[in-house]
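Asker: Sharing a structure, written as structure tokens. Questions coming.
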Amino acid sequence: MERVILFATVVLSFLVIVLGAKIKLPTIVDWKPCISEDGKMNETQVGKIKQIRFYGNCTERCQFKINTSIEFEFDFDPGEDTDNLAPEMSGLLGPIEIPFPGMRASVCDSVFTAEGESCPLKKGKFYTYRRAVPIKDEYPPVFVDIKWKLITDKKHTSICFIVKSQIIE
Ligand SMILES: *[C@@H]1O[C@H](CO)[C@@H](O)[C@H](O)[C@H]1NC(C)=O
Ligand SMILES: *[C@@H]1O[C@H](CO)[C@@H](O)[C@H](O)[C@H]1NC(C)=O
Ligand SMILES: *[C@@H]1O[C@H](CO)[C@@H](O)[C@H](O)[C@H]1NC(C)=O
Numbered sequence: 110m111e112r113v114i115l116f117a118t119v120v121l122s123f124l125v126i127v128l129g130a131k132i133k134l135p136t137i138v139d140w141k142p143c144i145s146e147d148g149k150m151n152e153t154q155v156g157k158i159k160q161i162r163f164y165g166n167c168t169e170r171c172q173f174k175i176n177t178s179i180e181f182e183f184d185f186d187p188g189e190d191t192d193n194l195a196p197e198m199s200g201l202l203g204p205i206e207i208p209f210p211g212m213r214a215s216v217c218d219s220v221f222t223a224e225g226e227s228c229p230l231k232k233g234k235f236y237t238y239r240r241a242v243p244i245k246d247e248y249p250p251v252f253v254d255i256k257w258k259l260i261t262d263k264k265h266t267s268i269c270f271i272v273k274s275q276i277i278e
């Protein structure tokens, strides 16, 4: 019996070490609300953000490598009942806001509760939104803050956050 347990422990440790090196683990990301001190940007959100995670290196800025897809996920409460949410992602280069093309019009295939529920979304429930966005080689390798926003059916800002990022080659 003891040998079986020892064997099982050795096999499990091996699997954890070997697979651990392969499985990508997300990093918890620091974020800011979409409100600037000078009041020029004031996207007061109706929802709540619990946590934002990024599959990649966010040591100083989240690194978006050209010709790869970046994968984000975040847990949030939409703040009001809504049939769907419209996602918008843009890059902030100083005062200039440049939309990232290719965002889908709907989040329903990417948003789930822990129990697997999706649209319509309910106020007071936490959902996880997970998306991969391709970083094309037309983007310049610059420091850029990413603004990510979800808009409700009533055109209210459900959630909006900014993450310090960097496009790298
Ligand atoms: C943003 O808008 C809200 C509601 O309209 C207001 O109460 C708040 O003072 C504004 N914040 C800034 C920084 O302008
Ligand atoms: C993550 O990025 C930092 C700089 O922001 C760099 O020093 C570090 O080597 C990177 N780590 C990996 C695993 O690429
Ligand atoms: C990205 O992919 C394109 C097409 O495959 C290639 O021409 C380009 O050099 C790549 N850019 C980088 C930075 O790897």
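This note's numbering puts the first residue of the sequence shown at 110, with every later residue one more than the last.
Here a beta-carbon is modelled for each residue, glycine too, at the ideal position from N, C-alpha and C.
Remember, predicted model here, so these are calculated numbers, not experimental data.
Going by Cα to Cα distance, which pick from 133, 182, 217 is closest to residue 192?
Answerer: Per the Cα distances, 217.
Asker: To the nearest angstrom, report how far apart residue 137 and residue 268 are at their CA atoms.
Answerer: Rounded to whole angstroms, residue 137 to residue 268 spans 17 Å at the Cα level.
Asker: With DSSP run on the structure shown, which of helix, strand or coil describes residue 248?
Answerer: It is coil, neither helix nor strand.
Asker: So, at 8 Å on beta carbons, what are the nonlocal neighbours of residue 229 in its own chain, with the 5 sequence-adjacent residues on each side left out?
Answerer: Answer for residue 229: 190, 191, 192, 193, listed in chain order.
Asker: Considering only heavy atoms of ligand 2, does any lie closer than 7 Å to the CB of residue 169?
Answerer: Result yes, Cβ under 7 Å from ligand 2.
Asker: Look at the alpha carbon of residue 231 and the alpha carbon of residue 203, and state the distance between them as a whole number of angstroms.
Answerer: Residue 231 and residue 203: Cα-Cα distance of roughly 35 Å.
Asker: Below 8 Å on the Cβ atoms is my guess for residue 139 versus residue 159; work out the distance and round it to an integer in Å.
Answerer: In fact, because the Cβ distance is near 14 Å, the residues do not count as touching under 8 Å.
Asker: Given residue 206, which residues of its chain have a CB within under 8 Å of its CB, disregarding the five upstream and five downstream residues?
Answerer: Correct list, in chain order: 199, 200, 256.
Asker: Taking the alpha-carbon positions, what's the residue 143 to residue 153 distance?
Answerer: Residue 143 and residue 153: Cα-Cα distance of roughly 7 Å.
Asker: Express the C-alpha separation of residue 220 and residue 227 in angstroms, rounding to a whole number.
Answerer: Each residue's alpha carbon lies about 6 Å from the other.
Asker: What does a CB cutoff of less than 7 Å around residue 246 pick up in its chain, not counting 5 residues either side in sequence?
Answerer: So the qualifying residues of the chain are 175, 176.
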